[in-house]
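When you number the sequence shown by my numbering, it's gap-free, plus one each residue, and the end is 627. Where a beta carbon is used, it is the ideal one built from N, C-alpha and C, also for glycine.
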Amino acid sequence: MSRLPVMSTKRVLTSSSSENSQDMAPVQKKMRKDQDPQKPQTATTIIGDKRPPAAARASLYRPVRGVGAATVAVAPSRGVPKQVKASSAPKAASVKQQAATKPAGTGPTRRQPWDLKGKVSDMESKIRTYQTKIKSLSEENEVLKGSLAQSKTKAAELEREVERQRRKISEFEQEQQRLSGVQSELEKVSSEKNVLQKELSNLEQKYKVNETLRESQEMELQTLKMKQSVQETTMARLQATLKETEELVTSMKETVADQKDELHAGEMERRQLHNTIQELKGNIRVFCRVRPLEDGGLTKHIQLAPSDNKSIILAKTEESHTGKTADTQKNYHFSFDRVFGPQASQQEIFDEISLLVQSALDGYNVCCFAYGQTGSGKTYTMEGEEVDDTRGVIPRAVQQIFRAGAKLQSQGWEFSFTASFVEIYNETLRDLLYSGKASKRPEHEIRKAANNEVTVTNLTYEKVYSEDQVLGLIALAKQNRSTAQTALNDRSSRSHSVFQLQIEGVNSGRDVKCKSILCLVDLAGSERMVKSQSQGERFKEMTSINSSLSNLGIVITSLANKESHVPYRNTKLTYLLQNCLGGNSKTLMFVNISPEPDSFGETLNSLRFASKVNDCIIGTASSNKK
Ligand code: ADP
Ligand code: MG
2 MSRLPVMSTK RVLTSSSSEN SQDMAPVQKK MRKDQDPQKP QTATTIIGDK
52 RPPAAARASL YRPVRGVGAA TVAVAPSRGV PKQVKASSAP KAASVKQQAA
102 TKPAGTGPTR RQPWDLKGKV SDMESKIRTY QTKIKSLSEE NEVLKGSLAQ
152 SKTKAAELER EVERQRRKIS EFEQEQQRLS GVQSELEKVS SEKNVLQKEL
202 SNLEQKYKVN ETLRESQEME LQTLKMKQSV QETTMARLQA TLKETEELVT
252 SMKETVADQK DELHAGEMER RQLHNTIQEL KGNIRVFCRV RPLEDGGLTK
302 HIQLAPSDNK SIILAKTEES HTGKTADTQK NYHFSFDRVF GPQASQQEIF
352 DEISLLVQSA LDGYNVCCFA YGQTGSGKTY TMEGEEVDDT RGVIPRAVQQ
402 IFRAGAKLQS QGWEFSFTAS FVEIYNETLR DLLYSGKASK RPEHEIRKAA
452 NNEVTVTNLT YEKVYSEDQV LGLIALAKQN RSTAQTALND RSSRSHSVFQ
502 LQIEGVNSGR DVKCKSILCL VDLAGSERMV KSQSQGERFK EMTSINSSLS
552 NLGIVITSLA NKESHVPYRN TKLTYLLQNC LGGNSKTLMF VNISPEPDSF
602 GETLNSLRFA SKVNDCIIGT ASSNKK
């Protein structure tokens, strides 16, 4: 395809459009050249089938008339090509000359009519002339015939040549068509080539970019390889260090395990020692707390020894009956494990109890009562108020237990706590953590299981996980208590409220368990009523309170005296608390007293009751370890 220049195709195209005209020109020229040697022959002048016009031919073949040579000389007309004239010139010239030799003017003059001889001679010469002419003409005719045959041959040749040329032309045309197809293909290819070239240049650019990128990445790779080798070195070093450290850790673990064993042994020893101290202090202890006067003034009849904090004197001045003798003062001396004056803070009070709370965590049952007449500060001591400093024993004990429990976790102890809050009024139990409808309040009964565990039916036993949760429960209990009382009937002072926290500790690693109960009891007011005032419901209340408080005293005493029968079942209070009292537990009684002089009688009663309890020595407690 490409070997054919485009221009050649064009040339073919243009030449073909004039095939019958100019195209023939070169052929004619060639033929003319070929014919040149035969030029003298007249016939050769007839080319391309173009015969001379009839006039010319007539001049050649017409029988010579007597009109004379002038006619012959004029004969060649416009249609005869000049060349014919030229080529036939010699013969024509001779004919002309012959005619010219006898011009009308120079020919024999007109014969006289009589000159017949002359006329005959003229006619004879004319005949001779004509004969000569005929002869030359027939010669010429022969020549022309030969020439015609030649011309015919030539024409046939030319026709063949034309045919060949036509075939060539059609071949050229085919070739041209093919070439135009090739051209369009070429154009397509060249446009494709352009596209590809653009693409190529794009790719080249991309390649350059990639090359740059690759170079930078290679550099990065080199850097990374270097870093890697550095890190490998570091790692090898670290691995060595790690191995050393691991060995160290192993040995340290062993040490830690040893130390843990030691710690556990130490903890067990601490418990034992703690218990010994508690026992030496007495498994039942009585603390006396004097409430401050409402106006903050001083009380004369209550005297606290400044030297120690264990005794209290209740002094009563008795007027002389006769008036003659001086007034006599009667002093009642009491001593307890601790006596707290009106200035003692909630924290000071708790510091003493916290040792017992620790015992509860160590697995001993602990029971703490607040005894005293209404208004003496029992609730203040047990529950206190909401501000931090004024918080009572219950929230502080709970706080201590949660914190100590969390600390013991590091030694493998897991503690769980369950709280309940129950009110005993007129020998009836009431759930203080009940949050349902008042109308659907269930009834409760105290049950003792085969394993001696005491439970209350239908009571809320709430699993507690935080101090705040316990504070919420205390608030709920307070609300429940206040809904039960009216302005005329301050029921809270005539009912016992018992907060119990069941503590369960497991040290699974050492297969040690402990279970204990911490009971914090706000007792009913211990005041005695004037019999005339107590009738009906009040009388029932009074009897119930009196019997339960005195039974509490009896139970403690009989436990102290190791009597075979302990009357737990006599009251709901002692029955509920039976596991927290007695040989297996530690008991603390707060005796709260009011400082007002008119409370003297009640104060004396309270102190007497408390000192009776204080005199009891309950058998050595043993921890509930399993
Ligand atoms: P009880 O529960 O024995 O009937 P309360 O605890 O309700 O007595 O105390 C009666 C009042 O005396 C309350 O207003 C209480 O705040 C207040 N009170 C009791 N003890 C103290 C004390 N140690 N310090 C200050 N106020 C006290
Ligand atoms: Mg109270």
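query: Residue from Ser137, Pro114, Ser607 and Arg129 whose Cα sits closest to the Cα of glycine 373; result: Ser607
query: Residues bridged to threonine 1 (per DSSP); result: No answer is possible for residue 1: it lies beyond the span of the chain, which begins at 2 and ends at 627.
query: Alpha carbon of valine 340 to alpha carbon of leucine 589, nearest angstrom; result: 13 Å
query: Uninterrupted beta strand (DSSP E) stretches inside the segment 205-291 (no shorter than 3 residues); result: 285-291
query: Heavy atom of the ligand ADP within 7 Å of arginine 292 beta-carbon; result: yes
query: Meets three-Cβ-pair contact criterion under 8 Å: the segment 237-253 and the segment 554-564; result: no
query: Run of the alpha helix (DSSP H) containing asparagine 562, from where it starts to where it stops; result: Here asparagine 562 belongs to no alpha helix (DSSP H), and DSSP marks it neither H nor E.
query: Paired residues, beta bridge with valine 455 - DSSP; result: Lys449
query: Coarse secondary structure for valine 399, derived from DSSP in three states; result: helix
query: Residue from Thr246, Gln132 and Asp363 whose Cα sits closest to the Cα of glutamine 273; result: Asp363
query: 8 Å contact criterion, which isoleucine 285 and valine 614 should meet: CB distance rounded; result: 6 Å
query: Alpha-carbon to alpha-carbon, asparagine 481 and cysteine 289; result: 29 Å
query: Proximity test, glycine 364 beta-carbon vs the ligand ADP heavy atom, cut-off 7 Å; result: no
query: Reduced DSSP category for arginine 111 - H, G, I as helix; E, B as strand; rest coil; result: coil
query: Nearest neighbour of leucine 521, chosen from Gly413, Tyr381 and Ala451 [CA to CA]; result: Tyr381
query: Leucine 315 to isoleucine 447 span [Cα, whole Å]; result: 40 Å
query: Glycine 373 - containing beta strand (DSSP E), residue span; result: 366-373
query: Enclosing beta strand (DSSP E) for phenylalanine 610 [first to last residue]; result: Where phenylalanine 610 is concerned, there is no enclosing beta strand (DSSP E), although the alpha helix (DSSP H) it sits in stretches over 601-615.
query: The ligand ADP heavy atom lying under 7 Å from the CB of threonine 558; result: no
query: Any 3 or more C-beta pairs closer than 8 Å across the segment 390-404 and the segment 342-360; result: yes
query: Reduced DSSP secondary structure (H/G/I, E/B, other) of serine 122; result: helix
query: Nearest-angstrom Cβ-Cβ length linking valine 291 and proline 343, presumed shorter than 8 Å; result: 5 Å
query: Pick from Gln359, Glu384 and Ser360 that is closest to phenylalanine 370, judged by C-alpha positions; result: Glu384
query: Residue(s) in a DSSP beta bridge with glutamine 304; result: Ile314
query: Bridge partner(s) assigned by DSSP for aspartate 432; result: Val423
query: Pocket of the ligand MG defined by Cβ to heavy atom distance under 7 Å; result: Thr375, Lys379, Thr380, Ser493, Ser494 and Asp523
query: Residues near serine 1 in its chain [Cβ-Cβ closer than 7 Å; skip 5 each side]; result: Outside the shown range of the chain (2 to 627) lies residue 1, about which nothing can therefore be said.
query: Residue of Gln151, Glu428, Ala407 and Ala478 minimising C-alpha distance to tyrosine 435; result: Ala478
query: Residue range of the unbroken beta strand (DSSP E) whose run includes leucine 589; result: 586-594
query: Where the alpha helix (DSSP H) containing aspartate 116 begins and where it ends; result: It is not in any alpha helix (DSSP H) - aspartate 116 carries neither H nor E in the DSSP assignment.
query: Short Cβ contact (8 Å threshold) for glutamate 454 with valine 399; result: no
query: CB of leucine 433 within 8 Å of CB of serine 498, strictly; result: yes
query: Residue interval of the alpha helix (DSSP H) (run including aspartate 523); result: Segment 513-523 is the beta strand (DSSP E) holding aspartate 523; no alpha helix (DSSP H) there.
query: Spatial distance of glutamate 353 from leucine 578 (CA atoms); result: 22 Å
query: Chain D contact for leucine 550 (CB, 8 Å cutoff); result: Going by chain labels, chain D is absent from the structure shown, which holds only one protein chain.
query: Pairwise C-alpha distance: valine 231 and leucine 204; result: 39 Å
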